[in-house]
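Residue 89 in the numbering used here sits at position 86 of the sequence shown, and the numbers go up by one each step. Beta carbons: idealized from backbone N, C-alpha and C, even for Gly. Read the structure below first, then the notes.
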Amino acid sequence: MQGGSTGIGYGLKYQARCIADVKADTDHTSFIAGTLSLKEENEVHLIRLNNGGTELVCEGLFSHPNEIWDLASCPFDQRIFSTVFFNGESYGAAIWQIPELYGQLNSPQLERIAALDAHSSKIRCVLWCPTGRHDKLISIDEQNLFLWSLDSSKKTAQVQSQESAGMLHHLSGGAWDPHDVNAVALTSDSAIQLWDLRTMKMTNSVEQVHARSVDYNVKKSHILVTAEDESGIRIWDLRMLKAPITELPGHAHWTWTVKSNPEFDGLILSAGTDSAVSLWQAPIQSSEDGTPESLFESPTKRADPLLSSYSDYEDSVYGLAWSSREPWIFASLSYDGRVVVESVKPHLSKK
């Protein structure tokens, strides 16, 4: 499995940065990916792993009018997803619906449910509430956080509240806490910010940190994972933010994105501009645990947290997605439009 030699590949027609797990599809292991072409008509690909787990099949190919810079699938409706796009002059965001008969149409058209058009600066990402069937969305631009209420039946999205992050911070992304529907973590050029959506106020922050990506530990509350330019991968306990509880070396160049596994505690994926994907087994110690996991009990017993490195790419890897249906499977997307799906089952016994 080293080097990604056993991965199942699928090629997009154009360059791409975004791939997401279709969590609401409980019958298939599915991913959705979007392209980033300046001159050509962009595409959204709905990709499924076949029943034998040997081939990636395109179940739907849809035209998208602009470059796709962010893409996220609705957690409760497999036909709905969001994109952040660039039309050559400005950034926008919208909610889309895949037509019901997409499997029988030659040239199906996406239906735009709603435009998230309240932004006045560069939109960075859209976040869906990760738990339950919630009609709430978050959109983030460089200066502001917007909370939306989506009505897919009426094809409308209304701003519920908004707040500025302050002129000193340029927001770049974020993650929604799977343990608390009112909590989000935002990344900026110099800090990690923790926000309460009820008050739309920042409750805490870690300063002097340039995090490109942030993700919550789904299996353990209060644990946050970040990908940082200079420090690689850091794991934080949100109740004691003075210092990270664990640090991993990251990538040879920029560590671009990090994803915690939805089922296996401490299993982390990272990807970077060194054209590689890394699989980590991180010891997760929080203040409630008392002692670290046995993997890191002492320097003499300390095991290598790097389980595998997948380097069978020819370009930077910007997109990563774990499958929520089969959590030992992940998809990666390199900038040249290459999707690779891997299984980490051989490494689970080493945990």
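Go through its chain and collect everything with a Cβ distance to residue 100's Cβ below 6 Å, but skip five positions before and after it. Locating residue 100 in the sequence shown gives position 97, counting from the first residue. If we look at residue 100 and ignore the five residues flanking it on each side, its Cβ neighbours are 82, 83, 114 and 116.
Rounded straight-line distance, which links the Cα of residue 13 to that of residue 245: Taking the sequence shown and counting its residues from 1, the one referred to as residue 245 is at position 242. Taking the sequence shown and counting its residues from 1, the one referred to as residue 13 is at position 10. Using only the alpha carbons, I get a separation of about 43 Å.
For residue 124, count neighbouring C-beta atoms within 10 Å of its own C-beta (all shown protein chains included) and say buried if the count is 16 or more, exposed if not. Taking the sequence shown and counting its residues from 1, the one referred to as residue 124 is at position 121. Label assigned to residue 124: exposed.
Three-state secondary structure assigned by DSSP to residue 119: In the sequence shown, counting from the first residue as 1, residue 119 sits at position 116. Note: residue 119 maps to coil in three-state DSSP.
Going by the CB atoms, is the gap between residue 86 and residue 129 shorter than 9 Å? In the sequence shown, the residue the question calls residue 129 occupies position 126. In the sequence shown, the residue the question calls residue 86 occupies position 83. Contact flag set, yes.
Among 97, 226 and 263, nearest to residue 71 - alpha-carbon criterion: Within the sequence shown, the letter at position 68 stands for residue 71. Among 97, 226 and 263, the Cα nearest to that of residue 71 is on 97.
Spatial distance of residue 285 from residue 68 (CA atoms): Translated into the one-based positions of the sequence shown, residue 285 becomes position 282. Translated into the one-based positions of the sequence shown, residue 68 becomes position 65. Residue 285 and residue 68: Cα-Cα distance of roughly 41 Å.
Which residues in the same chain have their Cβ closer than 8 Å to the Cβ of residue 17, if we skip the five residues on either side of it in sequence? Counted from its first residue, the sequence shown places residue 17 at position 14. So the list reads 38, 39, 40, 43, 45, 46 and 340, once near-sequence residues are dropped.
What's the gap between the Cα of residue 312 and the Cα of residue 35? On the sequence shown, residue 312 is found 309 positions in, with the first residue counted as 1. On the sequence shown, residue 35 is found 32 positions in, with the first residue counted as 1. Distance between the alpha carbons of residue 312 and residue 35 is about 24 Å.
Local conformation of residue 157 per DSSP, three classes: Stepping through the sequence shown from its first residue, residue 157 is reached at position 154. It is coil, neither helix nor strand.
Beta-carbon spacing of residue 95, residue 315 below 9 Å: Along the sequence shown, read from residue 1 onward, the residue named residue 95 stands at position 92. Along the sequence shown, read from residue 1 onward, the residue named residue 315 stands at position 312. Against a cut-off of 9 Å, the Cβ pair of residue 315 and residue 95 comes out as no contact.
Unbroken alpha helix (DSSP H) run spanning residue 351, endpoints: Within the sequence shown, residue 351 is the residue found at index 348, counting from 1. Taken as a continuous stretch (DSSP letters only), the alpha helix (DSSP H) holding residue 351 covers 348 to 351.
Segment limits, beta strand (DSSP E) that includes residue 187: Counted from its first residue, the sequence shown places residue 187 at position 184. Taken as a continuous stretch (DSSP letters only), the beta strand (DSSP E) holding residue 187 covers 186 to 191.
Three-pair Cβ contact test at 8 Å for the segment 192 to 199 versus the segment 149 to 163: no
Start-to-end residues for the beta strand (DSSP E) that takes in residue 45: Stepping through the sequence shown from its first residue, residue 45 is reached at position 42. 45 to 52 is the span of the beta strand (DSSP E), which, as asked, contains residue 45.
Use the C-beta contact count for residue 19: other C-beta atoms within 10 angstroms, 16 or more gives buried, fewer gives exposed. By one-based count along the sequence shown, residue 19 stands at place 16. Burial call: buried.
Taking the Cβ atom as the reference point for each residue, do residue 342 and residue 50 lie within a distance shorter than 9 Å? Position 339 of the sequence shown holds residue 342. Position 47 of the sequence shown holds residue 50. Against a cut-off of 9 Å, the Cβ pair of residue 50 and residue 342 comes out as a contact.
For residue 252 versus residue 309, is the C-beta distance shorter than 9 Å? Taking the sequence shown and counting its residues from 1, one reaches residue 252 at position 249. Taking the sequence shown and counting its residues from 1, one reaches residue 309 at position 306. A contact, by the Cβ cut-off of 9 Å.
Beta-bridge partners of residue 213, as assigned by DSSP: As a position in the sequence shown, residue 213 is number 210, starting the count at 1. DSSP output for residue 213 lists no bridge partner at all.
For residue 90 and residue 168, I'd like the C-alpha separation in whole angstroms. One-based indexing of the sequence shown puts residue 90 at position 87. One-based indexing of the sequence shown puts residue 168 at position 165. If I take the Cα positions, the gap works out to 25 Å.
By the 10 Å Cβ neighbour count, where 16 or more other Cβ atoms means buried, how is residue 297 classified, buried or exposed? Residue 297 sits at position 294 when you count from the first residue of the sequence shown. Confidence is the limiting factor: at residue 297 the pLDDT is only 35, short of 50, which leaves the residue's position unreliable, though a coordinate-based value still follows. Residue 297 should be labelled exposed.
Which residues mark the beginning and the end of the beta strand (DSSP E) in which residue 231 is found? Position 228 of the sequence shown, counting from 1, holds the residue named residue 231. Looking at the DSSP string, the run of the beta strand (DSSP E) that includes residue 231 is 226 to 231.
Beta-carbon proximity check, residue 230 vs residue 217, cutoff 9 Å: Taking the first residue of the sequence shown as position 1, residue 230 is located at position 227. Taking the first residue of the sequence shown as position 1, residue 217 is located at position 214. Their beta carbons are under 9 Å apart, which means residue 230 touches residue 217 by this criterion.
Simplified DSSP state of residue 333, which is helix, strand or coil: Position 330 of the sequence shown, counted from the start, is the residue given in the question as residue 333. DSSP places residue 333 in strand when its eight states are reduced to three.
Have a look at the DSSP bridge pairing and note the partners of residue 150. Walking along the sequence shown from the start, residue 150 turns up at place 147. Residue 150 is bridged to 141 and 164.
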